[in-house]
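A.B. asks: Just passing along the structure, written as structure tokens.
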Amino acid sequence: MQARRCAMAVCAHDGTNQGPIPKMLLPFEYAFRNLSRRPVRTALTLFALSVVILLVFIVVAFIRGLEQSLGDSGDPEVVLVYSVNSEDNLENSSIAARTPALLTASLDGALERFGIKHVSPELVLGTRVSSANDPVGLGLLRGVTLNAPLVRRAIRLEEGNWPGPGEVMAGKLVAAKLGCDESSLAVGNPIDFEGRTWRISGRFAAGGTAYEAELWCRLEDFQSATKRQDLSLIAMLLKPQCSAAEVELFCIERTDLELRAIRETEYYASLEQHYQPVRMLAWLVVWLVSAAGVFTGLNMMYGAVAGRVREIATLQTIGYRRRAILLSLVQEGVLLAAASSLVAGTIALILFNGLAVRFTMGAFALRIDSISILTGCGVGLLLGVLGSLPPALKALRTEVASALKAI
Amino acid sequence: MRIVFTIVVLCSLLTSLLTSIGCQPNKEKAPTARAAGSAFVLAEEPGEAIPVGTAKESTKDGDDVVVLGLVGGSTKPFVEGLAAFTIVDPKVPYCADEEGCPTPWDYCCQIDAVRQNIATVKLVDSSGKPVMQGARELLPVKELSTVVVQGIAKRDEQGNLTIAAHHVFVRPGK
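Chains as they are written, first to last, in this note's numbering: chain F, 3 to 409; chain A, 3 to 176.
So, in structure tokens, the structure goes:
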């Protein structure tokens with residue numbers, strides 16, 4: 003096949019046949035074999051590109067994890083009522099303990115089943131937490147009543163029991179938040195905060211939401227430990243036909259209570275907005291890492307093409323069009339980049355997917371989801387194209403006659 | 003190498019363009035023409051309007067009132083999805099433009115004064131129920147608009163004043 007193509011090409015150039023130069027492409031194996039001709043260079047480039055693409059995967063997984071943690075945390079049917087003076091920070095919020103009763107008495111919006119209103123009074127606090135074997139870390143505590151799981155519908159008790167007196171249950175990302183060993187938070191282990199020793203009664207998951215980085219205990223125990231009588235917020239699950247605007251109207255009518263009501267989804271959307279600069283910075287890192295990857299690819303391809311000037315000129319002489327040679331060189335780059343994407347993607351999925359990351363508001367897990375894979379592999383393939391185009395174009399611009407004499 | 007630089011410059015320009023589009027602040031919602039034609043809007047200013055502070059001292063539950071105030075009192079004075087908002091007595095100063103405060107209508111420097119000089123306005127239908135539509139869709143108002151509200155006062159034991167408004171006049175200007 004190769005011989006037949008060469009023969010046709012020579013025929014086209016020697017002037018005996020005046021027909022058009024056939025539109026031949028270099029065989030796919032040509033690019034593949036060229037990569038295996040220089041195994042060390044190829045392996046090193048594969049490694050370098052894999053590292054670059056892996057970094058892209060990790061940064062995108064960080065962004066996706068942060069977005070999902072905040073995006074999934076809000077329930078569209080839940081309204082949060084908290085102090086108007088807290089500046090959207092629930093830990094700063096302080097409302098009177100009688101507010102839940104006042105709210106349920108004044109409004110008919112809360113869902114009620116079997117005589118129980120789905121209203122959860124909560125006290126939230128960031129405080130120092132230490133376990134038996136680990137140093138002190140800053141933990142996020144939430145004092146709750148038995149109504150909490152009625153309103154926080156993502157909560158799933160995975161191990162142990164709901165906290166009793168002097169007990170606390172830990173979210174699955176608490177270890178990452180506290181920077182301690184996972185075994186320290188095993189059910190039955192002691193944990194210290196607010197001058198008391200508590201026993202871990204259970205572990206819970208919350209569908210990847212921000213609650214997974216929290217420790218939950220009984221509201222009255224927490225109020226007693228912190229010597230506080232107030233609440234941070236009230237979470238209220240609305241009836242299907244009820245609007246959050248009615249709760250909001252109650253809050254602005256009762257100016258003496260200094261309350262503010264907001265849909266939980268809007269609250270977490272505002273937090274997401276707060277972290278917008280971090281996201282922008284992370285996307286900038288993706289661009290910078292990708293640019294570094296392009297230069298890695300360029301470096302490799304310049305090196306690869308520089309030693310093949312005669313070969314490229316020969317290919318032109320025997321009839322292959324510049325476009326075909328260019329395509330073959332790009333093919334080499336893309337092949338390598340695709341292999342690197344696969345390697346990086348596999349490593350990212352095995353080692354980094356679900357890895358807990360400590361963050362200011364708690365902790366979240368890195369997410370190698372469809373968007374991360376699409377971005378990572380897309381960047382990888384783009385590196386292959388962008389990295390191989392300039393050196394290939396440069397090589398093809400060289401005069402065939404002088405290129406054939408090149409050493 | 004020129005091609006590389008061209009590609010890098012193009013990518014940077016594209017990024018900057020996308021970033022600048024994404025970061026554009028929301029333009030302040032201008033009062034709509036439809037709002038100006040709403041049944042709640044008064045064409046002429048009703049006479050003898052009393053400022054919010056005076057209304058809080060002198061009105062009783064169920065009184066017919068005409069109250070003057072500026073839309074504000076918090077960072078979000080409008081209730082989304084329901085025709086209600088808060089107004090503050092015009093005597094309470096708010097941050098001047100040159101101070102560069104992004105939300106002067108929250109009266110952040112006058113919190114104590116606002117407590118005594120704030121009222122809630124809710125537009126009600128003929129049956130007295132709040133209208134389930136944003137106030138900005140019904141009235142040509144925005145934050146710090148001066149409004150004259152005509153309606154019935156609702157007082158509670160804590161001294162809060164709510165006006166169940168049937169008509170609102172919006173003074174031209176700010």
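C-beta: ideal position from N, C-alpha, C; glycine also.
From a predicted model like this one, the values you see are computed outputs, not experimental measurements.
Which whole-angstrom value is the C-beta distance of F/Val58 and F/Val291, which I expect to be below 8 Å?
C.D. replies: Their Cβ separation, rounded to whole angstroms, is 5 Å, which keeps F/Val58 and F/Val291 in contact under 8 Å.
A.B. asks: Extract the residue ranges of the alpha helix (DSSP H) inside the region 284-360 of chain F, only unbroken runs of 4 or more that lie entirely within it.
C.D. replies: Segments of the alpha helix (DSSP H) lying fully in the region 284-360 of chain F: 311-319 and 324-349.
A.B. asks: Can you name the residues of chain A whose CB is closer than 7 Å to the CB of F/Val86?
C.D. replies: In chain order: Ser76.
A.B. asks: Along chain F, which residues have their Cβ under 8 Å away from the Cβ of A/Thr122?
C.D. replies: By Cβ distance, chain F contributes Leu251, Ile254, Glu255 and Thr257.
A.B. asks: On a Cα-Cα basis, can you pick out the residue from F/Lys119, F/Met171, F/Arg230 and F/Gly209 that is closest to F/Leu72?
C.D. replies: Closest option to F/Leu72, Cα to Cα, is F/Gly209.
A.B. asks: F/Ser245 versus chain A: which residues are under 9 Å apart at the beta carbon?
C.D. replies: Near F/Ser245 (Cβ distances below 9 Å), the residues of chain A are Gly83, Leu84 and Met134.
A.B. asks: Is F/Gln231 closer than 8 Å to F/Gly150 when the C-beta atoms are compared?
C.D. replies: The residue asked about is misnamed: residue 150 of chain F is Ala in this sequence, not Gly. No, the Cβ-Cβ distance between F/Ala150 and F/Gln231 is not below 8 Å.
A.B. asks: Using the beta-carbon of each residue, which ones in chain F are nearer than 9 Å to A/Gln160?
C.D. replies: Within 9 Å Cβ-Cβ: Arg256, Thr257, Asp258 and Leu259.
A.B. asks: Within 10 Å of its beta-carbon, does F/Asn135 have 16 or more other beta-carbons around it, so buried, or fewer, so exposed?
C.D. replies: Label assigned to F/Asn135: exposed.
A.B. asks: DSSP has F/Glu216 in a bridge; who is on the other side?
C.D. replies: Beta-bridge pairing links F/Glu216 to F/Leu142.
A.B. asks: For A/Tyr96, name the three-state secondary structure that DSSP assigns.
C.D. replies: Residue state, collapsed to three classes: coil.
A.B. asks: So the beta strand (DSSP E) F/Leu235 belongs to, where does it begin and stop?
C.D. replies: Its beta strand (DSSP E) spans residues Leu235 to Leu239.
A.B. asks: By the DSSP assignment, the alpha helix (DSSP H) with F/Tyr270 in it spans what residues?
C.D. replies: First-last of the alpha helix (DSSP H) with F/Tyr270: Glu266 to His276.
A.B. asks: Under the three-state reduction of DSSP, which class applies to A/Gly75: helix, strand or coil?
C.D. replies: Here A/Gly75 sits in coil by DSSP.
A.B. asks: Roughly how many angstroms separate the alpha carbons of A/Gly102 and F/Gly128, rounded to a whole number?
C.D. replies: Cα to Cα, the separation comes out at about 33 Å.
A.B. asks: In this structure, does DSSP put A/Thr61 in helix, strand or coil?
C.D. replies: Coil.
A.B. asks: Which residue spans inside the region 128-198 of chain F form an unbroken beta strand (DSSP E) run of at least 3?
C.D. replies: Runs of the beta strand (DSSP E) inside the region 128-198 of chain F: 139-146, 158-162, 169-173 and 192-195.
A.B. asks: Counting pairs of Cβ atoms below 8 Å between the region 224-241 of chain F and the region 117-128 of chain F, do you hit three or more?
C.D. replies: The region 224-241 of chain F, when compared against the region 117-128 of chain F, does touch it at the 8 Å Cβ threshold.
A.B. asks: Of all the CB atoms in chain F, is at least one closer than 8 Å to the CB of A/Thr88?
C.D. replies: For A/Thr88, the answer is yes, since a Cβ of chain F falls inside 8 Å of its Cβ.
A.B. asks: In this structure, how does DSSP classify A/Lys124 when only helix, strand and coil are distinguished?
C.D. replies: Strand, per DSSP.
A.B. asks: Quick one: list the residues of chain F neighbouring A/Arg157, beta-carbon separation under 7 Å, in chain order.
C.D. replies: Ordered by position in chain F, no residue passes the 7 Å Cβ test against A/Arg157, which lies about 11 Å from the chain.
A.B. asks: Look at the alpha carbon of F/Leu92 and the alpha carbon of F/Gly141, and state the distance between them as a whole number of angstroms.
C.D. replies: Approximately 15 Å between the Cα atoms of the pair.
A.B. asks: Identify whether F/Phe59 lies in helix, strand or coil by the three-state DSSP scheme.
C.D. replies: Helix, per DSSP.
A.B. asks: Exposed or buried, F/Gly76, counting other C-beta atoms within 10 Å across all chains shown (16 or more means buried)?
C.D. replies: It counts as buried.
A.B. asks: How about A/Arg117: is its C-beta nearer than 8 Å to some C-beta of chain F?
C.D. replies: By this cut-off, A/Arg117 is an interface position.
A.B. asks: Helix, strand or coil for A/Tyr109 per DSSP?
C.D. replies: Residue state, collapsed to three classes: coil.
A.B. asks: Under a three-way DSSP split, which group does F/Thr106 fall into?
C.D. replies: Looking at F/Thr106 - three-state DSSP - the assignment turns out to be helix.
A.B. asks: Going by DSSP in three states, F/Lys119 sits in which element: helix, strand or coil?
C.D. replies: Three-state result, F/Lys119: strand.
A.B. asks: Whole angstroms is fine: what's the gap from F/Lys396's alpha carbon to F/Trp285's?
C.D. replies: Cα-Cα distance, rounded: 31 Å.
A.B. asks: Measure the C-alpha to C-alpha separation of F/Phe49 and F/Tyr304 and round it to an integer number of angstroms.
C.D. replies: About 17 Å.
A.B. asks: Are three or more beta carbon pairs between the region 189-206 of chain F and the region 29-40 of chain F nearer than 8 Å?
C.D. replies: Short answer: they don't touch.
A.B. asks: Would you mind giving the Cβ-Cβ distance between F/Val307 and F/Ala394, rounded to the nearest angstrom? I have them listed as a contact below 8 Å.
C.D. replies: F/Val307 to F/Ala394, Cβ: 6 Å. Contact.
A.B. asks: Can you give me the C-alpha to C-alpha distance between A/Ile89 and F/Leu259, rounded to a whole angstrom?
C.D. replies: Answer to the nearest angstrom: the Cα atoms are 17 Å apart.
A.B. asks: Which first and last residues belong to the beta strand (DSSP E) in which A/Gln160 is found?
C.D. replies: Note, A/Gln160: premise wrong, no beta strand (DSSP E); not H, not E.
A.B. asks: Enumerate in chain order the residues of its own chain whose CB-to-CB distance from F/Leu388 is below 6 Å, with the five nearest sequence positions on each side excluded.
C.D. replies: These residues qualify, in order along the chain: Val296.
A.B. asks: Is the region 106-126 of chain A touching the region 67-78 of chain A, taking contact as three or more C-beta pairs under 8 Å?
C.D. replies: Yes, the region 106-126 of chain A is in contact with the region 67-78 of chain A.
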